[in-house]
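Some notes on the structure that comes next.
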Amino acid sequence: MAHTCPHCGTQVAPALLACPSCQRLVYGDDLRRLAEAAEAATSAGNPTGALAAWREATHLLPPDSRQYDTITSRIADLSRQLDTAGAPVVPKKQPAWAARWGVLGGIVLLFWKFKFVLAFLLTKGKILLLGLTKGGTLFSMLLSLGIYWRVFGWKFAVGVIVSIYIHEMGHVAMLTRFGIQATAPMFIPGFGALIRSRYYPKDVVADARVGLAGPIWGLVAALAAYGVFLITDSPGWGAIAEVGAWINLFNLLPVWQLDGAHGFRALTKQQRWLATAVIGGMWFVTSEGLLLLLLIGSGAAAWFGKPAERPDGRALLEYVVLVVLLALLTTIPVPVGALR
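Here it is in structure tokens:
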């Protein structure tokens, strides 16, 4: 329903965010409240809370307004500050044990450099349980479980469902970190799962972190299954690790709305070619056919895609480590009968 502008008396259509005559903001009071909440959160050392308030404010402002540009600039600054505060600490020198252990040491070293992921999972473990309290998530999860159970058996079905759930909750956790509310995962039998959010980060840094968070959490789940496989020598766990690795590796394709596309948006042309070279090297090492698809996609993104204006070392490190470790996990020798 149209309403009258209290400043000039002009009739303002419901879809408008500002008066067409005097440009008075329709939601001025709400914007002041959100600005006060954002400033209070910033003063309290809570950048996530400030981001949530500023992002909410962007929905109440005309995209072509000066206030909108100012707030989006603040969002980008806060996102960079939040990202810098959570950046991984990479050792300057390779530890002696990594050199002594050869190839295995190199793999362990890569994961050790990624130890911030484990710390994040441990501190945010309650997020994993949060999704299970949502009726839609639980119902769709059980529906998918029943279908996979009938085809592959209950052990493998449970393992794959949990792996997919952890992957999606990685996205939810990172969206929350950047002040964006998201739904718990909804499972689609045969296609995996998805989450929904009111909006998505527009700055490439936050976009890359959210996009790659799913494969990072999925990698941890696959490594956990592989660890159980090594301890118990149960081929079922090996199958779960291998399939989980394959699913997450597929998501690293830098095309459409897959996770790899979000990660690639933060990379310069040189970084994209470097990532492409790593993919090619891992295909040579593992002969994993999926890597050929990634190779084509990353090469196209490097050649034709719009590169980032400045390099993002963390996004490149995350992407490369994910490709290396996930590709290695796809080489686990698992008998076909292990799926049941």
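In this text, residue positions in the sequence shown follow numbering that gives the first Met the number 0: the first is 0, and each later residue adds one. For each residue, glycine too, the CB sits at the ideal point set by N, CA and C.
- Going by DSSP, Leu193 is part of no alpha helix (DSSP H) but of the beta strand (DSSP E) stretching over 191-193.
- The criterion of a C-beta distance shorter than 8 Å is not satisfied by Ala12 and Leu33.
- About 4 Å separates the beta carbon of Phe228 from that of Gly237, a gap short enough to meet the 8 Å contact definition.
- Judged by DSSP in its simplified three-state form, Ser196 adopts strand.
- Taking C-beta atoms as the reference points, Ala299 and Val204 fail to come closer than 8 Å.
- Under the DSSP assignment, Phe186 falls outside any alpha helix (DSSP H), being part of the beta strand (DSSP E) whose first and last residues are 185-187.
- If one requires a minimum length of 4 residues, the alpha helix (DSSP H) runs lying completely within the region 236-312 are 258-263, 268-285, 289-303, in chain order.
- Contact between Ser162 and Gly243 holds, with the beta-carbon distance rounding to 4 Å and staying under 8 Å.
- For Ile179, the CB contacts under 6 Å within the same chain, skipping 5 residues up- and downstream, are Ser196 in chain order.
- With respect to the C-alpha of Pro214, the residue from Asn247, Gly312, Asp232, His58 having the closest C-alpha is Asn247.
- In this structure Leu222 is buried. Its beta-carbon is surrounded by 16 or more other beta-carbon atoms within 10 angstroms.
- When C-beta atoms of the region 302-314 are compared with those of the region 255-274, three or more pairs fall below 8 Å, so the two segments count as touching.
- Comparing alpha-carbon positions, the option among Ser64, Tyr164, Pro188, Leu324 lying closest to Val150 turns out to be Pro188.
- Looking at Tyr164, Gly8, Val171, Ser42, the one whose alpha-carbon comes closest to that of Phe138 is Tyr164.
- Taking 8 Å as the upper bound for CB-CB distance, Arg176 and Thr47 are in contact here, some 6 Å apart.
- Leu321 counts as buried, since at least 16 other C-beta atoms from the protein chains shown sit within 10 angstroms of its C-beta.
- Spanning the alpha carbons of Pro62 and Gly135 requires a straight line of approximately 34 Å.
- With fewer than 16 other beta carbons inside 10 angstroms of its own, Asp28 counts as exposed.
- The C-beta of Phe190 has fewer than 16 other C-beta atoms within 10 Å across all chains shown, which makes the residue exposed.
- Closest option to Ala220, judged by alpha-carbon separation, among Ala240, Ala326, Pro234: Ala240.
- Beyond the five residues adjoining it in sequence on each side, Gln66 comes within less than 7 Å, by CB distance, of Leu60 in the same chain, given in chain order.
- DSSP places Asp29 inside the alpha helix (DSSP H), whose first and last residues are 27-42.
- Relative to the Cα of Ala40, the nearest Cα in the group Ala52, Arg31, Gly145 belongs to Ala52.
- In this structure, Arg31 keeps its C-beta atom at 8 Å or more from the C-beta atom of Cys4.
- Between the alpha carbons of Ala276 and Leu142 lies a distance of about 40 Å.
- Asp258 and His58 have their alpha carbons spaced roughly 25 Å apart.
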